[in-house]
Amino acid sequence: MKREGPIALLMISGVLYIVSVMLASPVMEPVAATLDDWYKIVVGFINLVGIISLTQVNGRAVLRKSSGWFYNALLIVVLYGYIILGLVGGVGNVAFTRIYDNILTPILMTIFSTLTFWIGSAAYRAFRAKNLDAAILLVAGIVVMIGRVTLGSAISPAIPKAAEWILNFPTVAGMRAIEMGAAIGGIVLALRMITGLERSFMSND
Amino acid sequence: MEVSIFTKLDSLDRRWIFAFQALVFCIVILNPVGLALNVGDQVRTAFEAIESLPEGSIVWFATDYQAANAAELEPAAIAIFKHCMQKNLRVISGSTWPEGGAMMSRLINYVAPEFPDKEYGVDYLNLGYRPGGQVWLQQLTDDLPAAVGGIDHFGDPISAYPIMEGLEVIQDVAMIIGIHVGTPGTPEYIRVITDPHNVPMITVLPAVSVAVTMPYLASGQLVSIVASLRGGAEYELISGFSGTAMTGMDSQSFMNLTIVIFVILGNIGFFYNKYKEGSSGGGGDNV
Amino acid sequence: MIKEGMLLTFILEVLMGIALLVLVSRARAGKKIPVIHEIAGLTALQEAVGRATEMGTPIMFVPGKGDLADAQTYAALPVLDYVAKSCAEYDTRIIVPTGVAVVHPVADAVTRQAFQAAGKGDSYRETDVRFINEQNWAWAAGITGIMEREKVAAQILFGAFWAESLFLAESGNRAGAMQIAGTASTSQIPFFVAACDYTLIGQEIFAASAYLNPEPSTTGGLVVQDWGKMLGLALVILGAILATFGNNTLAEFMLK
């Protein structure tokens, strides 16, 4: 019974939104804009839920002195410290921007850069010419990897051209097929939700 | 039983790969080879599109990325920003990503010292991040000052800035430079702004996003894609603004080569083991 | 009136909506509807739960980095529901690290409800559905840390992913976890294919819920999805033939 209210709300708002996006009606257009505003407000407030969850999980670990509790404590200090710094001094204050530029940015760049190593190990494992399909994938992968960097044109001008061709034709065709399939899948999922056929994401609470 | 080196090639410990990659990177970054770089069609198109904009036009920088992507995308963004300043264009940025405002501040810090005559609020402006993603983009098409709440990244009122003159909705901008790494990104801009309102867009992308964005280029929904560090290096070359991308080109080439070598070694090991299994009747345990 | 450029979308959505309702009512009435094929990655979900149960270590379910405006998130939540129910039945821990604040309470509710539905409401640990960070690299690093500390037996990655996909999948591979991934984020599919044991590609994730709960009413949705795809394919072929002969009627109709 508790699900029927949310499902009815979902149906009404879903239909209203689709109609307001598709129909050029001065009556309907503000509906979409209002729903958009509501979503923004909800998203804005819901960040608090994330902070509460972080505090709960890490606070509990500190109180129980779980293994590595020092890091949980550090996380809480940094979380609230940076929020307070931003609220008090604004996003333009020197301490706030220095922490961002000199601590967060290099850390994030470093984590992102580790991808090059992961790509190396994943490519080594995955690119095996086990059959004809895999062999074609292997050759195409090597041509694109070499052809998209300066080394490719240094070896032969044909390599970058081959890489461009692979990216512009077979890849685009494959990507479009996947995108189209996913878009249709998304539409059907939305229809299932709007018609109340899909409800497993809803709580009974 | 002694294990052949070819057998081992099929299942190398990943740490060997990591170690070789790190070694190659260090060697090449310290001793650049200076491989020749040519400006490709995409970057040339992007350069010419910006070159053709009339003086005073507004260019919207969609800084929809985060610090992690800075090393890959900033060189292109900086070179394009400098090109805009050189052409006396007005640059205004806004972002659907929480770190977008900070990213634009970084770009300004790189570009401003080279153009001491250019002023914040007159020649460039950082509107920062606003929540709502695609919804916010939609609102920019209805009333831009209202969508940003009338203030910039630092909380100062934008009505005081001369750069805002003539900018009521985002369709008033002459060009969008989308520095995009995910969602919201290029498809959202195309869906909400560039396609319905015929605003041209150049997109600066990480290498991994190029293949999925190519269909938009093929369909004419994008002016050009400036791809990754290589795109940045090409833009530096064509615009004459030297930066960090050129120096990264050699290391990128040799890192890719290292991966290719390991892939080939893996396949040698794979075929060797397959051959041995075949010659021993398929029942051997060679690994 | 219908907005410019929306006519075809409107017609397609109406047609698909009608087809969905007709097929569902036929299925409910016990009439025959087309048969659907299996997706290996989905049947492997039980294997993942079984593995975790045998090893006595948790399962990690990562619901992607999409928010509630992303259809992929809605595709992931029913899979979370299914996996959480299986975990509850076998008394296996499930850890759900969220990276989008707005998704967190929904993932929490789905997991809690799954445990309650399995009659194991008391076994639900609310700190196992934990918000890590909105910043995707911090989120990915946090997940990797949990994976190493908790020695997870299996990692299920479902939903929208970006550059962190390979980081997560390779970390899972290094930790020796069985991995099942599903995403419609096209740029990340190759990474999952390379690093995971099973990968659901594109539209397969939107069909997951119906496969996992094979009631006649949900199967109808899958059939409509396939019909929609066939219609799209027919339009592509027709458009290509017409354009080859210089006829732009279809392209112009699509822009109406």
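Respectively, the protein sequence lines represent chains A, B and C. Under our numbering, the first residue of the first sequence is numbered 1076, with each subsequent residue one higher. Under our numbering, the first residue of the second sequence is numbered -1, with each subsequent residue one higher. Under our numbering, the first residue of the third sequence is numbered 33, with each subsequent residue one higher. Every residue, glycine too, gets a C-beta built ideally from N, C-alpha and C.
Problem set entry | Segment limits, alpha helix (DSSP H) that includes residue 136/C | 136 to 149
Exercise. Opposite residue 91/B in the DSSP bridges: which residues?
Worked result: 59/B and 124/B
For this session: Spell out whether any CB of chain B is found under 9 Å from the CB atom of residue 219/C.
Result: yes
Exercise. Nearest chain B C-beta to residue 168/C closer than 9 Å, yes or no?
Worked result: yes
For this session: Check each candidate in 100/B, 37/B, 50/B and 91/B and name the one with the smallest Cα separation from residue 143/B.
Result: 91/B
For this session: Determine the direct distance from the alpha carbon of residue 262/B to that of residue 1232/A, and round the result to whole angstroms.
Result: 22 Å
Problem set entry | Proximal residues of chain B, C-beta to C-beta of residue 194/C below 8 Å | Within chain B, the C-beta atoms nearer than 8 Å to that of residue 194/C come from 179, 180 and 181, in chain order.
Exercise. How many whole angstroms separate the CB atoms of residue 175/B and residue 60/B, which I take to be in contact at a CB cut-off of 8 Å?
Worked result: Going by Cβ atoms, the distance from residue 175/B to residue 60/B rounds to 7 Å, so yes, they are a contact pair.
Exercise. Would residue 288/C count as contacting chain A if we go by Cβ distances under 9 Å?
Worked result: no
Exercise. Which of the three DSSP states, helix, strand or coil, is assigned to residue 12/C?
Worked result: Chain C is shown from 33 up to 288; residue 12/C falls before or after that span and cannot be answered.
Exercise. Which bits of chain B does residue 1183/A rub up against, with CB to CB less than 7 Å?
Worked result: 64, 65 and 66
Exercise. Residues of chain C with a CB under 8 Å from the CB of residue 1149/A: which are they?
Worked result: Neighbours of residue 1149/A on chain C: none; closest Cβ ~13 Å, over 8 Å.
Problem set entry | Supposed close pair residue 1193/A, residue 202/C - CB separation, criterion 8 Å | 4 Å
For this session: Would you tell me roughly how many angstroms separate the C-alpha atoms of residue 1203/A and residue 182/B, rounded to the nearest one?
Result: 35 Å
Exercise. DSSP puts residue 186/C in a beta bridge; with which residues?
Worked result: 91/C and 210/C
Exercise. Quick one: does residue 151/B have its CB under 9 Å from some CB of chain A?
Worked result: Yes, its Cβ sits closer than 9 Å to a Cβ of chain A.
Exercise. Among the residues of its own chain, which have a CB less than 6 Å from the CB of residue 338/B, if the five just before and after it don't count?
Worked result: Nothing about residue 338/B can be read from this structure; chain B reaches only from -1 to 285.
For this session: Output the distance between the C-alpha atoms of residue 207/B and residue 179/B, rounded to the nearest integer angstrom.
Result: Cα to Cα, the separation comes out at about 7 Å.
For this session: Return no unless some Cβ of chain B is closer than 9 Å to the Cβ of residue 1157/A.
Result: no
For this session: For residue 101/C, return the contacting residues in chain B, with the cut-off set at a CB-CB distance below 8 Å.
Result: 131, 132 and 133
Exercise. How many Å lie between residue 191/C and residue 141/B at the Cα?
Worked result: 33 Å
Problem set entry | Under the three-state DSSP convention, the category residue 199/B falls into | strand
For this session: Tell me where the beta strand (DSSP E) around residue 1268/A begins and ends.
Result: It is not in any beta strand (DSSP E) - residue 1268/A instead sits in the alpha helix (DSSP H) that spans 1247 to 1269.
For this session: In angstroms with no decimal places, state the Cα-to-Cα distance between residue 235/B and residue 229/B.
Result: 10 Å
Exercise. Is DSSP giving residue 230/C helix, strand or coil here?
Worked result: strand
Exercise. Would residue 35/C pass as a contact of residue 1098/A if the rule is Cβ separation under 9 Å?
Worked result: yes
Exercise. Rounded to a whole number of angstroms, what is the C-alpha to C-alpha distance between residue 47/C and residue 1122/A?
Worked result: 39 Å
For this session: Spell out whether any CB of chain A is found under 9 Å from the CB atom of residue 152/C.
Result: no
Exercise. Within 10 angstroms of its Cβ, does residue 157/B collect 16 or more other Cβ (buried), or is it exposed?
Worked result: exposed
Exercise. Closest Cβ-Cβ distance between residue 193/B and chain A: below 9 Å?
Worked result: no
Exercise. Using a C-beta to C-beta distance shorter than 8 Å, which residues of chain C count as neighbours of residue 1187/A?
Worked result: 169 and 195
For this session: For residue 106/C, decide whether its Cβ has a neighbour in chain A, counting only Cβ atoms nearer than 9 Å.
Result: With its beta carbon less than 9 Å from one in chain A, residue 106/C belongs to the interface.
Problem set entry | Contact set between residue 219/B and chain A, taken where Cβ atoms lie within less than 8 Å | At a beta-carbon threshold of 8 Å, none of the residues of chain A lie near residue 219/B; the nearest stands roughly 13 Å away.
For this session: Determine the burial state of residue 29/C: buried for a count of at least 16 other Cβ atoms within 10 Å of its Cβ, exposed for fewer.
Result: With chain C covering only 33 through 288, there is no way to say anything about residue 29/C.
For this session: Could you tell me the distance, in whole angstroms, from the CA atom of residue 110/B to the CA atom of residue 123/B?
Result: Within the model, the alpha-carbon separation for residue 110/B versus residue 123/B is close to 12 Å.
Problem set entry | Nearest to residue 187/C (by Cα), restricted to the options 238/C, 230/C and 287/C | 230/C
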